[in-house]
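Take a look at the structure below.
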């Protein structure tokens with residue numbers, strides 16, 4: 099059985115800051131986020147906001163650009179075991 103294609107939103111998700119629409123004060127030339135990515139020195143940060151505002155997309159772009167592993171978890175459907183596995187993987 100063939101695997102189903104990724105959801106449309108996932109297939110159309112921007113893969114670089116240049117493809118991202120909006121948030122230019124954070125992602126545009128000379129911005130703190132773009133400068134950190136260009137220098138390869140990403141500070142710790144919390145991405146906060148309502149659904150659909152680009153938090154996961156920005157996190158994915160950071161991870162892809164800096165070659166960091168990227169894991170997604172749902173606070174609703176992820177169990178303690180899954181959270182512990184991701185934390186353990188992050189410690190490596």
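Residue numbers (my numbering): 99 to 190.
For glycine and all other residues, C-beta sits at the position ideal for the given N, C-alpha and C.
Predicted model, so just to flag it, every value in this text is computed and none were measured.
Rounded separation between residue i and residue j - CA only
| i | j | result |
| --- | --- | --- |
| residue 140 | residue 103 | 32 Å |
| residue 193 | residue 115 | Since the displayed the chain opens at 99 and closes at 190, residue 193 lies outside it and no answer follows. |
| residue 184 | residue 136 | 27 Å |
| residue 133 | residue 153 | 18 Å |
| residue 143 | residue 129 | 15 Å |
| residue 194 | residue 170 | There is no way to answer for residue 194, as the model of the chain reaches only from 99 to 190. |
| residue 179 | residue 172 | 13 Å |
| residue 182 | residue 149 | 25 Å |
| residue 123 | residue 151 | 14 Å |
| residue 126 | residue 176 | 34 Å |
Integer-rounded CB distance, given that residue j should sit under 8 Å from residue i
| i | j | result |
| --- | --- | --- |
| residue 111 | residue 155 | 6 Å |
| residue 162 | residue 108 | About 14 Å separates the two Cβ atoms, so there is no contact after all. |
Selection from the options that minimises the alpha carbon distance to residue i
| i | options | result |
| --- | --- | --- |
| residue 138 | 164, 168, 106 | 164 |
| residue 157 | 145, 171, 149 | 145 |
| residue 168 | 175, 187, 122 | 187 |
| residue 147 | 127, 121, 166, 131 | 121 |
CB contact check: residue i to chain D, cutoff 8 Å
| i | result |
| --- | --- |
| residue 115 | Checking the listed chains, one finds no chain D in this structure; it contains a single protein chain. |
Minimum length 4: unbroken alpha helix (DSSP H) runs contained in the segment 133-182
153-164
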